[in-house]
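Counting in this note's numbering, the sequence shown runs from 824 upward without gaps.
Backbone N, C-alpha and C define an ideal beta-carbon position, used for all residues, glycine too.
Notes follow the structure.
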Amino acid sequence: MTNQWLIAVDPGKRACGVCIHDSRSVVQATLVEEPCGDPEILAAQVLAVVKVSGAPLKGLAWRMERPRKYAHASDKHYDLESLERVLDALAKLARAAGGRVTFYYPSQWKGNVPKAVCQARIRPTLSTNEIAAILDDHNVWDAVGICLVARGRLARGLVARR
């Protein structure tokens with residue numbers, strides 16, 4: 824069996840939730856911050872955390888949440904454009920390192936589930952060791968959710984697989 828690692832990212836303008844999962848379990852889930860909000864620096868810091876984890880960069884599977892622009896919320900598009908710049912910078916670095924990048928819209932992995940419900944649905948599917956490896960931050964929990972859906976441990980809407 825190959826040791827296929829997966830990295831899930833919940834992007835932010837100044838911080839990204841990052842979940843690192845090897846072939847069996849969550850190895851680390853943390854918040855990577857860049858207070859000035861420079862997309863290239865934030866992307867490089869995410870990649871540095873992944874390198875330190877021991878994940879092999881070549882062939883690494885990346886899953887990233889891509890925000891969706893809605894016509895009725897045009898005043899929020901500036902924020903989404905900032906997130907897009909972070910995602911573009913991170914995807915560029917991940918691909919340059921030999922990774923495979925896939926984007927998910929929020930509706931593709933969590934539906935319309937509120938953050939508190941997300942965490943409540945995710946937590947019971949994790950081992951004690953996995954929970955200990957997770958920094959308690961809502962962006963980090965979103966990254967964990969993206970990761971578990973990508974791994975098939977949870978279904979869309981964060982519903983346990985049967």
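Where residue i sits in the DSSP three-state scheme
i, result
"A838", "strand"
"W932", "helix"
"R908", "helix"
"R979", "coil"
"Q827", "coil"
"A920", "coil"
"E856", "strand"
"R891", "coil"
"A884", "strand"
Residues near residue i in its chain [Cβ-Cβ closer than 8 angstroms; skip 5 each side]
i, result
"C859", "R837"
Proximal residues to residue i (C-beta, below 7 angstroms), its chain only, five neighbours per side dropped
i, result
"Y928", "R889 and R891"
"G980", "K933, G934 and V936"
"Q851", "I843, S876 and A956"
"V924", "W885, M887, A914, A917 and R918"
Burial state of residue i, where buried means 16 or more other Cβ atoms lie within 10 Å
i, result
"I864", "exposed"
"M824", "Note that M824 scores 36 on pLDDT, short of 50, meaning its location in the model is unreliable; the coordinates nonetheless yield the value given after this. With fewer than 16 Cβ atoms within 10 Å of its Cβ, M824 is classed as exposed."
"A878", "buried"
"V873", "buried"
"V982", "exposed"
"A973", "buried"
Separation of residue j from residue i, as counted between CA atoms
i, j, result
"K938", "D965", "8 angstroms"
"P947", "G975", "15 angstroms"
"D845", "Q827", "6 angstroms"
"L829", "V869", "14 angstroms"
"T951", "V849", "11 angstroms"
"Q931", "P862", "24 angstroms"
"L958", "L949", "14 angstroms"
"E793", "F926", "With the chain represented from 824 up to 985, any question about residue 793 goes unanswered, as that position is not in the structure."
Proximal residues to residue i (C-beta, below 6 angstroms), its chain only, five neighbours per side dropped
i, result
"P834", "L906, V909 and L910"
"A920", "L880"
"E856", "A838"
Whole-angstrom C-beta distance between residue j and residue i, which should lie under 8 angstroms
i, j, result
"I945", "V967", "6 angstroms"
"C970", "A831", "4 angstroms"
"L883", "D960", "Going by Cβ atoms, the distance from L883 to D960 rounds to 23 angstroms, so no, they are not a contact pair."
"A866", "A912", "4 angstroms"
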